[in-house]
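Adding 1 to a residue's 1-based position in the sequence shown gives its number in my numbering. In what follows, a structure is listed as structure tokens, so that the remarks can point back to it.
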Amino acid sequence: MRLIVFIVLLFSGVVQGQDLKNVQVLPYKNTREIVPYMKGMAKDLGVKCSYCHNMKNKSLDEIQHKFIARDMMSMVKQINEDFMTPMKVDAITCWTCHRGSTAPPHSIDDKPKPHEH
Numbered sequence: 002m003r004l005i006v007f008i009v010l011l012f013s014g015v016v017q018g019q020d021l022k023n024v025q026v027l028p029y030k031n032t033r034e035i036v037p038y039m040k041g042m043a044k045d046l047g048v049k050c051s052y053c054h055n056m057k058n059k060s061l062d063e064i065q066h067k068f069i070a071r072d073m074m075s076m077v078k079q080i081n082e083d084f085m086t087p088m089k090v091d092a093i094t095c096w097t098c099h100r101g102s103t104a105p106p107h108s109i110d111d112k113p114k115p116h117e118h
């Protein structure tokens with residue numbers, strides 16, 4: 002009987018998702034909620050989790066890309082709240098600019114050339 006109780010308790014944490022540590026920008030509280038979002042972000046940027054995270058302890062802040070990602074997530078959230086939602090248009094995501102690359106193919110420095118008349 003003790004074995005059954007142990008197994009149930011062990012797997013209930015996996016099914017519900019483990020509590021997260023050091024999540025500063027995203028609203029998620031456990032792994033079940035955050036993993037689909039993070040997989041989408043990794044795909045949008047063409048990276049693996051280790052691009053931003055120490056895979057032995059994902060809560061550590063030791064990789065510079067993690068700080069950049071937090072800033073970018075805050076920017077996307079603000080743009081969606083201030084502009085996209087009020088205009089009732091689709092929200093932007095990492096894919097909107099990055100298209101599967103860590104560096105967007107176009108930057109603010111890529112100014113269009115004026116038309117010659």
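Backbone N, C-alpha and C define an ideal beta-carbon position, used for all residues, glycine too. Note that this is a predicted model, so its numbers are computed, not measured.
Taking 7 Å as the cut-off, the beta carbon of V26 is found closer than this to the beta carbon of M74. With fewer than 16 other Cβ atoms inside 10 Å of its own Cβ, A104 counts as exposed.
If you draw a straight line from the Cα of H107 to the Cα of I80, it comes to about 18 Å. Measuring C-alpha to C-alpha distances from G101 to each of G47, A92, D72, F84 identifies G47 as the nearest. Annotation for N23: S60 place their beta carbon closer than 6 Å to its own, counting only its chain and skipping 5 residues before and after. Rounded to whole angstroms, I69 and C53 show a C-alpha spacing of 9 Å.
Judged by DSSP in its simplified three-state form, N81 adopts helix.
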